[in-house]
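*Asks:* Residue 1447 in this note's numbering sits at position 150 of the sequence shown; the count goes up by one each step and never skips.
Note that beta-carbon positions come from the ideal geometry of N, C-alpha and C, so glycine has one too.
Below is the structure I would like to discuss, written out as structure tokens.
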Amino acid sequence: MGRVFLFDGTAMAYRAHFAMARSGLTTSDGRPTGAVYGFTASLRRILREEKPDLVAVALDPKGPTFRHKQFSDYKATRQKAPEEMIDQLDDIREVVRAHGVPIFEVPGFEADDVIGTLTRQAEAAGHEVMIVTGDKDLMQLVGPRVQLYNIFKPGVDLVIEGVDAVKEKFGTTPDHVIDVLAIMGDSSDNIPGVKGIGVVGAKKLIQEFGTVTGVLENLDQIKGKNKERIEEQRDMLLLSHELVTIDTEVPLDPGFESIQTPAPDKIELLGVFQTLDFRNMAQELSEDSERPAVDLDYITVRDADDLKAMLDELRAAETFSFDTETTGLKALEVSLVGASFSAKSGRAFYVPFNASPEVLPAGPEALLDALRPLLEDRDLKPVAQNWKYDALVLGAQGIDLAPPHFDTMVASFTVAGSTRRHNLDSLALSYFGLQKIPTSAIIGKGKNQVTMAEVMVDQVAEYACEDADVTFRLYAELAAEIEESGNRALFYDLEMPLVSVLVAMERRGIRLDVPKVEAMSRGLEEEIEVLLGQIRELAQTPDLNPGSTKALGRVLFEELCIQDKAGVKRVRKTKTGYATDHDTLTQSYGDVKIVKSLLSWRELSKLKNTYVDALPRSVNPSTGRIHCSFSQIAAATGRLASSDPNLQNIPVRTERGRKLRECFIPREPDEHGPWILLAADYSQVELRIMAHLAQDPEMIAAFERGDDIHAATASHIFGVDASEVDRAMRSQAKAINFGLLYGMGPQRLARETGLTLNEAKGFIERYFAAFPLVRNWLDKTLEDAQEVGYVTTLSGRKRPLPDLQSKNRMAQVNAENAAVNTPVQGSAADIIKRAMIDLEEALAASDLQSQVLLQVHDELVLELPERELTATKVLVKQAMEGAADLSVPLVVEFGHGKNWLEAH
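This is the structure:
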């Protein structure tokens, strides 16, 4: 799929320290930085020249590892790491993180083990791996898709070491490197091996007998002193074999899935480089000679005259930016500290709410009253960066903010999608070469962090004015880009009106039955304990920890021999033990009693820890409801994303997971009577969009008749009447209907449906014979995307796909899948956004109390008095089914009840 670079961070730090030891590099206060500089230079060069898809750095942890427990003298002869280098490790960590690269540092395991684990996980995901190291031990990981990227050889900039290099060095293949190492030992790590046998002798023995086990089994064929040495040191040889073996199943949380394409935070990097006095590196980041400097005129409002002058200036300008300063990130739980405004580049005002002496007119309430007419005026054109947050903050203070004219964050996403970051600091750097004042410079970080309310007003004023100033300057740039890119309608008619809808939804929140969730948690805890008891009883191991893959594998496959019960002839193993992952256990051993208990234990443990125990902590103490956040800029397709908590991700595929939805309930009965929840879900909206885009007459006709599209598809493919389609036929048709949108080929279809590969191929061929214009649309969409480099939704949203031209086949395949999926999924996202806007307006214009609370992709969840059900459904149906004019009808399905599960 892509190229993964795994850095042996500890080895790089050592190399950089000794390479730069004579450089004398220090900060202005005398702190040594040679190792950091050398490390950073190597990291940046590799990122720049190699452009890896995924990157991670592994570091050795403090303290002993599992090898020290196996052998107390492990690394006993190695010199202690230089204090000067150790002192620079924290700076190295800051540099790595600022480059957007994750660090893996696991207590009890060396960096080699972490790299080994990530390497195997990357291989399993189809990636190519480059391990940046000079450590010969890591050669045991080399394979067809794994190489060492060695920048450590004296006199040579780079050596790529693959299977041939391993054979040249060890005289054997990578999987037998550990056997050679075990015999020859390793003086640098104080691994004894067999004393008296060096690398040459070890190579010969392994070339002749294959493995350490083979050597021990054929001692009678070994002549001379080597036989005696091995016999006498047999135990030490076996121990050495364990010590040199890299553990490829280190428990990583998060694991490989958390590694992403490096996305350097240039603002953070600039701060780090300036702190370390790396002037050249800082200059590389911030140089932008084409952009002129701006004279700054930042004013702190200190009395009634200042306030009046500011208000007059903003009203005269009509278009102005504003920003709020608060005590935190949760908009509905923070206190307002101040507000800043700008209507001219380089000029801004800050109104503090905590000034001493108090700003006149005295007190926050009087200040808010003075600002209210400006902020609520529908004739003005206010601009903000992340309008939604400011609207929620001000709304909590009783200010009904005018609808947004322009949100610079949303505008940036509209024109650039996922190709860049959209926070204010990044945009300031990108557009103006401006390194904004970091928030941490004002409030600190970590244990020393305070709130804005605790910082001197003048300090906050400069920071806040800069925010408003930069936002106003960005408005001019981004407004022009919106017009030039042809995104005017998408931005002003869809994304901007949606901001107000999301503000309203987040403010409303949804009620959680906390006692029921807590009871569910207790019930799950009891069930988990029962399952744990069953597992231990079936395993005949009273202290078994099912979370330990090594212990579990030993019990399942050596003591219980579940492979015999399941009829599995070949047990799948990893480098360090038996495979006990979910797919392996489910597919091969799902009917074995202990495996059933184990899988249930895992499912319930995850449900409890990830959802059930976490949700009550998200309840707002003031409202008693959960107020999640919806983001317009998180998904490349334009889909909304939910967070804090993610209510779009509440499990629905398992019975236990669905039970959790019972805990989401409407408000208590009031003067409007009892309340209920209503769920309105688009029926097969993505397939309807595909039918519209492809203009396939057979598919369009099926939707127009109101047919079950999956049964209709099965009827065409199998050549039978719709009444003769059975459940299996429909299931196979459903798999391909949805699978085509996500790059499904015959292999995946066979895996998901139980068909043979040839049957799956024939199935797909018959599908395209039945719906030929679908194939035409798929081919044409991909062809057009390859020509222009992007795809477009029905609303005109563009998604750039640079990897369509990638030389990496897997990256190219992923981009091709996105090219087909985005016009459909992105159009579905835009359609429900339009429906949300229209529905919010319709409900506001009615006498109904009904309110939209959540959006879960193709579904809207409303809260309403039960007596308003019929009238509300009429408005919802009109808004959702009228949100787009397609060649096929949009259809909405309803459900309602006393909780979300009943409604769904």
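#1: Would you call the region 1358-1378 in contact with the region 1481-1489, where contact means no fewer than 3 C-beta pairs closer than 8 Å?
#2: Note down the Cα distance separating Lys-2174 from Leu-2187, rounded to an integer number of angstroms.
#3: Where does Val-1880 fall in DSSP's three states?
#4: When DSSP builds the beta bridges, which residues end up paired with Ala-1355?
#5: In angstroms, rounded to a whole number, what distance separates the CA positions of Arg-1345 and Val-1398?
#6: Can you list, in chain order, the residues of its chain whose CB lies under 7 Å from that of Val-1711, leaving out five sequence neighbours each side?
#7: Ignoring anything shorter than 3 residues or poking outside the region 2096-2181, list the beta strand (DSSP E) runs there in chain order.
#8: Could you tell me if Asn-2055 is buried or exposed, where buried requires 16 or more neighbouring beta carbons within 10 angstroms of its beta carbon?
#9: Identify the continuous beta strand (DSSP E) that holds Gln-1437 and give its terminal residues.
#10: Going by CA-CA distance only, name the one from Leu-1726, Asp-1755, Pro-1948 and Pro-1971 that's closest to Leu-1566.
#11: Taking Cβ to Cβ, would you say Ile-1428 is nearer than 9 Å to Ile-1412?
#12: For the candidate residues Phe-2035, Ser-1818 and Ile-2061, whose alpha-carbon lies nearest to that of Gln-2044?
#13: Kindly indicate the opening and closing residues of the alpha helix (DSSP H) around Val-1747.
#14: Quick check on Glu-1826: does DSSP put it in helix, strand or coil?
#15: Rounded to the nearest angstrom, what separates Glu-1347 and Phe-1302 at their Cα positions?
#16: What does the alpha-carbon distance come out to for the pair Ala-2125 and Leu-1799?
#17: Helix, strand or coil: which one does DSSP assign to Leu-1445?
#18: The beta strand (DSSP E) that contains Gly-2240, what's its start and end?
#19: Can you tell which of Ser-1369, Leu-1691, Val-1634 and Asn-1683 has its C-alpha closest to the C-alpha of Ala-1750?
#20: Do you know whose CA, among Ser-1537, Met-1987, Phe-1927 and Lys-2031, lies nearest Lys-1627's CA?
#21: What does DSSP give as the partner residues of Met-1427 in its beta bridges?
#22: Can you tell me the Cα-Cα spacing of Leu-1593 and Val-1757, whole angstroms?
#23: For Lys-2031, I'd like the list of residues in its chain whose CB is within less than 7 Å of its CB, leaving aside the five on either flank, ordered along the chain.
#24: Counting C-beta neighbours from all protein chains within 10 Å, is the total for Cys-1858 16 or more, i.e. buried, or is it exposed?
#25: Sorted by chain position, which residues of the same chain lie with C-beta nearer than 7 Å to Pro-1561's C-beta, five sequence neighbours on each side aside?
#26: Return yes when the Cβ of Tyr-1979 is within less than 9 Å of the Cβ of Met-2177, no when it is not.
#27: Would Thr-2010 be called buried (16 or more neighbouring beta carbons within 10 Å of its own) or exposed?
#28: Are three or more beta carbon pairs between the region 2060-2076 and the region 1984-1997 nearer than 8 Å?
#29: In the DSSP output, which residue or residues are listed as bridge partners for Tyr-1760?
#30: Hey, could you find the ends of the beta strand (DSSP E) Val-2088 is sitting in?
#31: Could you give the first and the last residue of the continuous alpha helix (DSSP H) run that contains Asp-1532?
#32: Tell me where the beta strand (DSSP E) around Lys-1890 begins and ends.
#33: Note down the Cα distance separating Arg-1312 from Gly-1306, rounded to an integer number of angstroms.
#34: For Tyr-1647, report the span of its beta strand (DSSP E) as first-last.
#35: Roughly how many whole angstroms lie between the Cα atoms of Ile-1383 and Ser-1897?
#36: Using 10 angstroms around the beta-carbon of Lys-1563, count the other beta-carbons present and answer buried if the total reaches 16, otherwise exposed.
*Replies:* Straight from the coordinates:
#1: Contact holds: three or more Cβ-Cβ distances are below 8 Å.
#2: Rounded to whole angstroms, Lys-2174 and Leu-2187 show a C-alpha spacing of 10 Å.
#3: It should be noted that the sequence gives Asp, not Val, for residue 1880. Note: Asp-1880 maps to helix in three-state DSSP.
#4: DSSP output for Ala-1355 lists Asp-1305 and Phe-1401 as bridge partner(s).
#5: Rounded to whole angstroms, Arg-1345 to Val-1398 spans 14 Å at the Cα level.
#6: The sequence given here has Thr at residue 1711, not Val. Result list for Thr-1711: Ile-1779, Asn-1784, Leu-1787, Phe-1788 and Glu-1792, in chain order.
#7: Runs of the beta strand (DSSP E) inside the region 2096-2181: 2148-2153 and 2156-2162.
#8: Burial is judged here by how many other beta carbons sit within 10 angstroms of a residue's own beta carbon; Asn-2055 has fewer than 16 and is exposed.
#9: From DSSP, Gln-1437 is part of no beta strand (DSSP E); its letter is neither H nor E.
#10: When only C-alpha atoms are compared, the closest one is Leu-1726.
#11: Contact flag set, yes.
#12: Answer by Cα proximity: Ile-2061.
#13: Premise fails: Val-1747 is in no alpha helix (DSSP H) and is neither H nor E.
#14: Here Glu-1826 sits in helix by DSSP.
#15: For Glu-1347 and Phe-1302, the distance between alpha carbons rounds to 9 Å.
#16: Answer to the nearest angstrom: the Cα atoms are 18 Å apart.
#17: Three-state result, Leu-1445: strand.
#18: Outside the shown range of the chain, which is 1298 to 2201, sits residue 2240, and nothing can be said about it.
#19: Taking only the C-alpha atoms, the option nearest Ala-1750 is Val-1634.
#20: When only C-alpha atoms are compared, the closest one is Phe-1927.
#21: Answer is Phe-1302 and Gln-1444.
#22: Taking the CA atoms as reference points, Leu-1593 sits about 16 Å from Val-1757.
#23: Result list for Lys-2031: His-2007, in chain order.
#24: Counting every other CB atom within 10 Å of its CB across the protein chains shown gives Cys-1858 a total below 16, marking it as exposed.
#25: Non-local C-beta neighbours of Pro-1561 in its own chain, meaning closer than 7 Å and more than five positions away in sequence, comprise Ala-1395, His-1396 and Gly-1397, ordered along the chain.
#26: For Met-2177 and Tyr-1979, yes; Cβs fall inside 9 Å.
#27: By the 10 Å Cβ count, Thr-2010 comes out buried.
#28: The answer is yes - the region 1984-1997 touches the region 2060-2076, with three or more Cβ pairs under 8 Å.
#29: Answer is none; Tyr-1760 lacks a bridge partner.
#30: Segment 2087-2089, the beta strand (DSSP E) holding Val-2088.
#31: First-last of the alpha helix (DSSP H) with Asp-1532: 1531-1541.
#32: That residue, Lys-1890, is in no beta strand (DSSP E); its alpha helix (DSSP H) goes 1890-1904.
#33: Roughly 10 Å separates the two Cα atoms.
#34: Its beta strand (DSSP E) spans residues 1644-1649.
#35: Cα to Cα, Ile-1383 sits roughly 45 Å from Ser-1897.
#36: Residue environment analysis places Lys-1563 among the buried positions, since at least 16 neighbouring C-beta atoms fall within 10 angstroms of its C-beta.
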